[in-house]
Amino acid sequence: MSASGKGANAEAYAFVEIAQVLDGVNVERYGVGLDNNIVTAAVKALLSAVNRVQALAIQM
């Protein structure tokens, strides 16, 4: 996680990696979240990564 700016103009960035085994294959997917709140940015990043894993599972 990181932040840019100060005070009311600050933006928080969060990066998440999810590693999972799908059909015997190791899969890594990443998510990124951006928000004024660091906790919200982290939740957005996690949801982004989970959505990417689910999209891949549907394709397999």
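98 is the number that this note's numbering gives the last residue of the sequence shown; the numbers go up by one with no jumps.
For each residue, glycine too, the CB sits at the ideal point set by N, CA and C.
For clarity, every value in this text was computed on a predicted model and none was experimentally measured.
task = State the Cα-Cα distance for the pair residue 84 and residue 46, rounded to the nearest angstrom.
result = Roughly 24 Å separates the two Cα atoms.
task = Less than 8 Å between the CB atoms is what I'm expecting for residue 52 and residue 87, so what's the real figure, rounded?
result = The Cβ separation is near 10 Å, so there is no contact.
task = Run the CB neighbour count on residue 50, radius 10 Å, all protein chains shown included, and call it buried at 16 or more, exposed below.
result = buried
Alpha carbon of residue 64 to alpha carbon of residue 58, nearest angstrom = 6 Å
ask   = Taking C-alpha atoms, which residue in 62, 61, 66, 54 lies nearest to residue 72?
value = 54
Three-state class that DSSP yields for residue 24 in the structure shown = Within the shown structure, residues of the chain are numbered from 39 to 98, placing residue 24 beyond reach of any answer.
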